[in-house]
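Residue numbers (full-length UniProt numbering): 1 to 1109.
For each residue, glycine too, the CB sits at the ideal point set by N, CA and C.
Owing to the predicted nature of the structure, the values given are computational and were not obtained by experimental measurement.
Following: one structure in structure tokens, then a few remarks.
Written out as structure tokens, the structure reads:
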């Protein structure tokens, strides 16, 4: 055995197998003081000490994920330093054999630097008087006590408790035993206890379910999952049928901030109309069915009401939807349309493909796009104007099935073209139901206000849309440039309480600036510490601030949105993705095997996904489908998707396994701003330039892409280099969206190669880091020291430059002030941070396009000065609060929702003042009753006034208050919450108006009639037996409340019944059904519990109560 280098051993650390965040850069080391200890007896082992050291070295390499490692060894009285090497081990199929590694050892005469080596083995021979290991000092110590024969041993493993739960120690011991054992064929004694390492699985069969979990909104409709139809659009349809007048979408189209409201009924009507129009299109246009007899309908739309209605209408028609990228050049759009064989595209407006530079595209591409039938979602039949259209009988469209395709989304492809991921209805429902279960705190009904921020081509946008609509919430969305320019302002305008974003963008959110935001869902990249510290449920918060929830989600498009979630605590590592959804399972497999070979726990491997969320594969891509989608039936798993992500199992403090993501296995596929991309697709696109011979790209940070070129012209002249770079930029602009284009190009004579002949990306990355550096941002206080004089161009330019420098680093100072800012390496996220910082200095009005679309530093400076000057010169605009004039009643029905409400209030307020005989100042709002409420009121009047029956629609909810409660405090919490909701200050009045015959009149808190009836009763005895005085008192309280309730007073009575000792209390909640449903009761229960546990939260409840109850 060769000698090891004692003076320079490779740093070898034991991973942490828990979920706790640590600052590993503080340089401090503390020796272990406590250990988890496990043991096993009669373990088969290799027959010599050298073989055991080599086997332990293989174990160390595997656990540490290194190709070059070191450990200490005690063999009898001798102390050794042993190094182990296994070149290329990460590219080989995993083996427990130590044949492919080499070890070297040297006798240790001095002390190894503290914290440098974590692994130690002690071989305690049979001749030793003690079988107890020597003094423990390393993080992991394996004690091997062979028997006299030397073919088996007792093993003891000691692991520092700080490195994980005892469960991880058990897994490590089984793993070590397997490495130390001979090959199974050489073990002759079958009675010997063989090591069987634990597999890395989470939520495999039989715990994984195959039917979608019920949404919270469907729990009242279905007994179990089997009864509920698993069509992706069906939950929306149920909500539209239940509450057609409820707000479904709120939309801001421009900088005015005016909110346009769409009800569930309006979205459903548009979807129905689209379904019928698609039937006409199918009859009149040659339209192929590229997948299982289904057509695929593309949409060229941003986030807007028409997009969401388009999704629903397409699925109702039995087709599948496919959102097209709005930031891609014409060639990429053409490639997708050809792949899905779609002659039709849905959009908005009469001009096809707004913003797409068709006129500058290649002639054949421009001709292809101009021949597409453009269907305007605002005028569905307009496409027929210049086409002969056959009349179509009103037949029933193809009924979609659960196994049908619901949608197709395009991701980056290794061949240079994007590939379409195929997802079924049942897979989509499994994902949405699973996420709804994983967000138990999320409100149901109008209280859920989710800002739809992800782009339509990002599959996680579907979580935003379908969880919200499926639970009768309100989806809030604004024109994209408005959201990107000032995301915090957008959240405040909508009073949104939930948002999804990538973690890097979440760093732009400041809790104090978005008080309404209580749930932040993040995914797409590693969760950063800033977001964890500011939005976790246990993060520090000021008085009255709500508890926030930070949910980290993980999953590839191929497995339907996301498959695992983790609610992060302040101490949680951002790489922890947590637990699988109930319809998904995770196994960790050998990344270097084409077979599905499970990786033993707790080693790292490739994360693979199982279950009904796994998609069908890629459209028209059998080779790529076969490479990524595997048949796991031999393991009892069904379809399996291999993600290409490195992962492992870790454990919580109470021993529960969690999944941790450790990045990509290969540098071939990376994440850019949270979006997965194949570098080979970028390279194939750039290589279309005839001036280059070879292209390779690497990523710096999360967003900067650098390309290295070798030229077809071998003269290596400056002119040839400049021409090649210019041509590559032009090709990239024509073939790829902006976020995929390299920001810099470097010409090399030859690209570096590995020993196997592949391009050496690691070497290129080192060169890129040396050439472009790593950003070293100036601390934010440095920017604050710059005084700003808006009359001085130099002063404003200095502010902007200082701000840019604080974001991208010192390299900004050397850039030319006349070149476009995007050439400085500024990406969209950095542009958003620039705008956010400049707004702190009253530089307002700049949009993200001002930064990203061609402006230089000088141009941006002039623009900022112009905006600042115009801001001071603008006169105040008077708001038009006058009534809306209409020609006839039918015209009213076609007005937007907010216009209808305004007209109703203007026409009916005075009627209510007279009808109720109350002062006008007592009325806060006058709202139309919904269709359901109108029927209830009419029947209530008929029963009471005409027939003389018992009052209908009054329900009573007795609640036995736990004895451990403080009754006075509970009563205070109940009344505080009820007093903050408009619904309990709402009365009904008949009116004359075309929308409805009844008005809901919301009274001001100071109105005498708004006082909620509260009754307190003391019963002389407490006795829960039937017919006892106690139970009769409760029944009488309900009868009395029913007598009290009428339409001209608030629709609730609260009764508190105490025994004489005040040791027992029952609260009876008597409610007129018009003012509540099952969802609002859940909300009230949560708010009362919060107000009881934290009385200061009552102010927060008041702040977030929506108008109208």
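- Query: Between residue 152 and residue 43, is the Cβ-Cβ spacing less than 7 Å?
  - Reply: Against a cut-off of 7 Å, the Cβ pair of residue 43 and residue 152 comes out as a contact.
- Three-state secondary structure assigned by DSSP to residue 304: If DSSP states are grouped into helix, strand and coil, residue 304 belongs with coil.
- Over what stretch of residues does the alpha helix (DSSP H) that includes residue 530 continue unbroken? From DSSP, the alpha helix (DSSP H) with residue 530 extends over 529–535.
- Task: Would you list, in sequence order, the uninterrupted beta strand (DSSP E) runs of no fewer than 3 residues that lie entirely inside the region 619–659?
- Result: Scanning the region 619–659 from its first residue to its last, the whole beta strand (DSSP E) runs of 3-plus residues come out as 629–631, 639–651.
- Message: Closer than 8 Å is the cut-off here; do at least three beta carbon pairs connect the region 121–129 with the region 63–79?
- Response: Yes, since at least three Cβ pairs between the region 121–129 and the region 63–79 fall closer than 8 Å, the two stretches touch.
- What are the start and end residues of the beta strand (DSSP E) that includes residue 987? For residue 987, the enclosing beta strand (DSSP E) covers residues 986–990.
- DSSP beta-bridge partners of residue 41: Answer is none; residue 41 lacks a bridge partner.
- Who are the Cβ neighbours of residue 356 in its own chain at under 7 Å, not counting the five residues just before and after it? Cβ within range, chain order: 330, 333.
- Query: Would you say residue 697 and residue 683 are within 7 Å of each other, going by their C-beta atoms?
  - Reply: The beta carbons of residue 697 and residue 683 sit closer together than 7 Å.
- Message: Taking 7 Å as the threshold (C-beta atoms), are residue 897 and residue 263 in contact?
- Response: Cβ distance < 7 Å, so residue 263 and residue 897 count as in contact.
- Does DSSP put residue 925 in a helix, in a strand, or in coil? Note: residue 925 maps to strand in three-state DSSP.
- Message: What ranges does the beta strand (DSSP E) occupy inside the region 710–752, keeping only unbroken runs of at least 3 residues that lie completely in it?
- Response: List check, beta strand (DSSP E) in window: 744–747.
- Query: In whole angstroms, what is the alpha-carbon distance linking residue 494 and residue 252?
  - Reply: Cα to Cα, residue 494 sits roughly 9 Å from residue 252.
- Message: Taking its Cβ as the centre, do 16 or more other Cβ atoms sit within 10 Å of residue 111, making it buried, or is it exposed?
- Response: Around the beta carbon of residue 111, fewer than 16 other beta carbons lie within 10 angstroms, which makes this residue exposed.
- Message: Taking 8 Å as the cut-off, does the region 1032–1043 touch the region 895–915 (at least 3 CB pairs, one atom from each stretch)?
- Response: No: the two stretches stay apart, fewer than three of their Cβ pairs being nearer than 8 Å.
- Message: Restricting to runs no shorter than 4 residues, where is the alpha helix (DSSP H) found entirely within the region 329–367?
- Response: Those alpha helix (DSSP H) runs which fall completely within the region 329–367 and span 4+ residues are 330–340.
- Message: Just to confirm my understanding: we take residue 496, look at its own chain, exclude 5 residues before and 5 after, and list those with CB closer than 7 Å. What are they?
- Response: Within the same chain, and ignoring the five residues on either side of residue 496 in sequence, the residues whose Cβ sits closer than 7 Å to its Cβ are 449, 450, 451, 476, 516, 517.
- Does the region 574–584 come close enough to the region 518–537 that 3 or more CB-CB pairs lie under 8 Å? Yes: at least three Cβ pairs fall under 8 Å.
- Query: Which residue comes first and which comes last in the alpha helix (DSSP H) that contains residue 412?
  - Reply: Note, residue 412: premise wrong, no alpha helix (DSSP H); not H, not E.
- Task: Compute the Euclidean distance between the alpha carbons of residue 660 and residue 199, then round it to the nearest angstrom.
- Result: Distance from the CA of residue 660 to the CA of residue 199, rounded to the nearest whole angstrom, comes to 15 Å.
- Query: Can you list, in chain order, the residues of its chain whose CB lies under 7 Å from that of residue 599, leaving out five sequence neighbours each side?
  - Reply: 94, 200, 588, 589, 590, 605, listed in sequence order.
- Query: By Cβ distance, which residues of its chain are closer than 6 Å to residue 150, with the 5 residues on each side in sequence left out?
  - Reply: The answer, listed in chain order, is 47.
- Please look up how many angstroms separate the CB atoms of residue 443 and residue 243, rounded, as I've assumed it's under 8 Å. Rounded, the Cβ-Cβ distance is 15 Å, inconsistent with contact.
- Going by other Cβ atoms of all chains shown within 10 Å of its Cβ, with 16 needed for buried, is residue 833 buried or exposed? Buried, by the Cβ-count rule.
- Query: If you run the structure through DSSP and keep just helix, strand and coil, what is residue 963?
  - Reply: Coil at residue 963, not helix or strand.
- Message: With distance defined between alpha-carbon atoms, name the residue in 642, 952, 513 nearest to residue 840.
- Response: Taking only the C-alpha atoms, the option nearest residue 840 is 513.
- Who does residue 122 pair with in a DSSP beta bridge? Within the DSSP bridge table, the entry for residue 122 names 74, 143 as partners.
- Distance between beta carbons of residue 301 and residue 313, contact taken as under 8 Å: In fact, because the Cβ distance is near 12 Å, the residues do not count as touching under 8 Å.
- Enclosing beta strand (DSSP E) for residue 1016 [first to last residue]: In the DSSP assignment, residue 1016 falls within the unbroken beta strand (DSSP E) covering 1014–1019.
- Message: Would residue 298 and residue 324 qualify as a contact pair, given that the criterion is a beta-carbon distance under 7 Å?
- Response: For the pair residue 298 and residue 324, the CB atoms are nearer than the 7 Å cut-off.
- Item | In DSSP terms, what residue 502 is bridged to | Beta-bridge pairing links residue 502 to no other residue.
- Taking all protein chains shown into account, decide if residue 135 is buried (16 or more other Cβ within 10 angstroms of its Cβ) or exposed. Exposed: under 16 other Cβ atoms inside 10 Å.
- Report the partner residues of residue 476 according to the DSSP bridge assignment. When DSSP reads this structure, residue 476 sits in a beta bridge with 250, 451.
- Is there a Cβ from chain E that is less than 7 Å from the Cβ of residue 284? In the displayed structure, chain E is absent; only one protein chain is listed.
- Pull up the DSSP beta-bridge partners for residue 407, would you. Residue 407 has 321, 423 as its beta-bridge partners, per DSSP.
- Proximity below 7 Å, CB of residue 487 to CB of residue 508: Going by C-beta atoms, residue 487 is nearer than 7 Å to residue 508.
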